[in-house]
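The structure appears right after this line, and notes come after that.
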Amino acid sequence: MVEHTDGEFVREMMRWHFSPETGSSFWLKRAKTLGFDPLTEVRDFDDLGLFPNVVDELRDVGVRELIPRGYGDEHGASVYESGGTTGQPKRVMYSAEWHRRSVEWFSERLDSHGVPRNVDWLSAVPTGPHNVGAMAVDTAMMRGGLNFSIDLDPRWVKKLIGQGNTDMASAYTDHLIEQVGYILASQDVGVLFATPPMLERLAQHDDLVELVNRKVRAIIWGGTHLDADTRDLLRDEVFGSATFVGGYGGTMMLGTSVERPGLGADEPCVFDSFAPYTTFRVVDPDTGRVVPYGERGQIVLHHMSRSALLVNNIERDYATRIAPVDGVFGDAVADVAPVASFDDTAVVEGVY
239 MVEHTDGEFV REMMRWHFSP ETGSSFWLKR AKTLGFDPLT EVRDFDDLGL FPNVVDELRD
299 VGVRELIPRG YGDEHGASVY ESGGTTGQPK RVMYSAEWHR RSVEWFSERL DSHGVPRNVD
359 WLSAVPTGPH NVGAMAVDTA MMRGGLNFSI DLDPRWVKKL IGQGNTDMAS AYTDHLIEQV
419 GYILASQDVG VLFATPPMLE RLAQHDDLVE LVNRKVRAII WGGTHLDADT RDLLRDEVFG
479 SATFVGGYGG TMMLGTSVER PGLGADEPCV FDSFAPYTTF RVVDPDTGRV VPYGERGQIV
539 LHHMSRSALL VNNIERDYAT RIAPVDGVFG DAVADVAPVA SFDDTAVVEG VY
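Here the working numbering is used: the first residue of the sequence shown is 239, the next is one more, and so on.
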């Protein structure tokens, strides 16, 4: 797909998703309820505000209805689910084309941070129905490595914490760390891909810290937020021998955003999205207006690719609005942190 200007790209996406020949059953049916014509009235990025937020409908919709007809039988679809932080999991469809593009972009961003190629990975991230596990496998392979993974079920940990069973949640995390330790001790691991809670628990084991500092050359973190002080401590004092790279992703993003390279040690972690396919807006939650650069607001996420159209998705995260890199529309975000509750549901992060 060729890069376009803001308006050209948005109009191309409207044609794909709302033409009978190429659109999905979901959007072709939903178009009749919108109250506007996406093919004629959505002309640029700002017009995306006309759309309702439909992500809650993804808890129940038949996933086959989400597959654009334009792919025919060549969609190569995979189904992934959210972590269930705010209720029953939501489901999305990744076309083979989109998964490949996401992995390629992620890999390019890792190159910009100097993450080594031709080394093996240990991924302590959710697997099963969660895309991040599949992304780890394919990114490691694309970069010439093998991927060692552990079973990590974020829903079980969130359920335990939500029920007040913190001892059981801690025991489950110990179980995960034990598995990480087996792999670190026996394999030559050059990249560690883990959630912040896993890194924090790993840091409590001197023997495992020594193994990481001796073997691992890059640590990629993401999945839950990591405050600046803890990030600095882990990066500079605990795991000081590894390059530290952050990611901010989610199921409704259909991928991830990656920490901007070249930032100073005292600068906040800024995340750039895979624009124009995934873009952020940081808005005042009360008015919906975009906040000035440098101010905090709630993240609104737009995903537009041939694989999916998910726009005006109000995320459960607050962030500081940062200017994007030159020539990119949307916002970059920094100091991402979850809200305490969302849709009247308490937000429990757990290990992911």
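In this text, a Cβ means the ideal position worked out from N, Cα and C, and glycines have one as well. Predicted, not measured: the structure shown is a model, and the values here were computed from it.
Cβ shell of residue i (< 6 angstroms), same chain only, five flanking positions each side left out
{"i": "VAL496", "result": "ARG347, GLY485"}
{"i": "HIS313", "result": "ILE305, SER333"}
{"i": "ASP244", "result": "ASP282, PHE283, PHE567"}
{"i": "PRO499", "result": "SER350, HIS351"}
{"i": "GLY535", "result": "VAL520, VAL521, ASP522, VAL529"}
{"i": "PHE482", "result": "ILE457, ARG473"}
{"i": "PHE247", "result": "PRO514"}
{"i": "VAL574", "result": "HIS463, TYR486, ASP555, ALA557"}
Whole-Å CB distance - residue i paired with residue j, under 8 angstroms assumed
{"i": "GLY383", "j": "VAL357", "result": "5 angstroms"}
{"i": "MET252", "j": "LEU277", "result": "6 angstroms"}
{"i": "GLY308", "j": "TRP254", "result": "6 angstroms"}
{"i": "SER387", "j": "THR404", "result": "That belief does not hold up - the Cβ atoms of SER387 and THR404 are roughly 26 angstroms apart, past 8 angstroms."}
{"i": "ARG554", "j": "GLU533", "result": "Actually they do not touch by this definition, with Cβ atoms about 19 angstroms apart."}
{"i": "PHE411", "j": "ARG439", "result": "Here residue 411 is Thr; the residue named in the question, Phe, does not match the sequence. The pair is a contact, with the Cβ atoms about 5 angstroms apart (cut-off 8 angstroms)."}
{"i": "TYR318", "j": "ASN369", "result": "4 angstroms"}
{"i": "SER424", "j": "LEU492", "result": "Rounded, the Cβ-Cβ distance is 35 angstroms, inconsistent with contact."}
Enclosing alpha helix (DSSP H) for residue i [first to last residue]
{"i": "GLY196", "result": "Past the edges of the chain, shown from 239 to 590, lies residue 196, and the structure says nothing about it."}
{"i": "VAL483", "result": "It is not in any alpha helix (DSSP H) - VAL483 instead sits in the beta strand (DSSP E) that spans 481-488."}
{"i": "GLU438", "result": "434-440"}
{"i": "ILE399", "result": "392-400"}
Other residues of its chain near residue i: CB distance less than 8 angstroms, five sequence neighbours each side excluded
{"i": "ARG527", "result": "VAL521"}
{"i": "ASP524", "result": "none"}
{"i": "PRO290", "result": "LEU272, ASN550"}
{"i": "ALA407", "result": "VAL395, LEU398, ILE399, GLY588"}
{"i": "VAL594", "result": "Since the displayed the chain opens at 239 and closes at 590, residue 594 lies outside it and no answer follows."}
Limits of the unbroken beta strand (DSSP E) element including residue i
{"i": "GLU346", "result": "Per DSSP, GLU346 belongs to no beta strand (DSSP E); it is in the alpha helix (DSSP H), 334-350."}
{"i": "GLY419", "result": "Here GLY419 belongs to no beta strand (DSSP E); instead the alpha helix (DSSP H) covers 404-424."}
{"i": "ASP467", "result": "Counting along the chain, ASP467 falls outside any beta strand (DSSP E), though it belongs to the alpha helix (DSSP H) covering 466-471."}
{"i": "GLY460", "result": "456-460"}
{"i": "ALA362", "result": "358-362"}
{"i": "GLY493", "result": "493-497"}
{"i": "LEU291", "result": "Just to set this straight, residue 291 is Asn in the shown sequence, not Leu. Note, ASN291: premise wrong, no beta strand (DSSP E); not H, not E."}
{"i": "ASP510", "result": "508-510"}
Three-state secondary structure assigned by DSSP to residue i
{"i": "ASP569", "result": "strand"}
{"i": "PRO367", "result": "coil"}
{"i": "ASP518", "result": "Per the sequence presented here, residue 518 reads as Phe, with Asp not at that position. In this structure, PHE518 counts as strand in the three-state DSSP scheme."}
{"i": "ILE305", "result": "coil"}
{"i": "SER374", "result": "At residue 374 the sequence reads Ala, which differs from the Ser that was named. The answer is helix: DSSP assigns ALA374 an H, G or I state."}
{"i": "GLU319", "result": "strand"}
{"i": "ASN451", "result": "helix"}
{"i": "THR271", "result": "helix"}
{"i": "VAL577", "result": "coil"}
{"i": "ARG559", "result": "strand"}
{"i": "VAL280", "result": "coil"}
{"i": "ARG534", "result": "strand"}
{"i": "ASP285", "result": "helix"}
{"i": "GLU553", "result": "strand"}
{"i": "ASP445", "result": "helix"}
Close-in-space but distant-in-sequence residues of the same chain around residue i (CB under 7 angstroms, 5 per side omitted)
{"i": "SER511", "result": "SER495, THR517, PHE518, GLY568"}
{"i": "TRP265", "result": "HIS255, PHE256, LEU547"}
{"i": "THR260", "result": "TRP254, PRO306, ARG307, GLY308"}
{"i": "GLU303", "result": "SER262, SER263, PHE264"}
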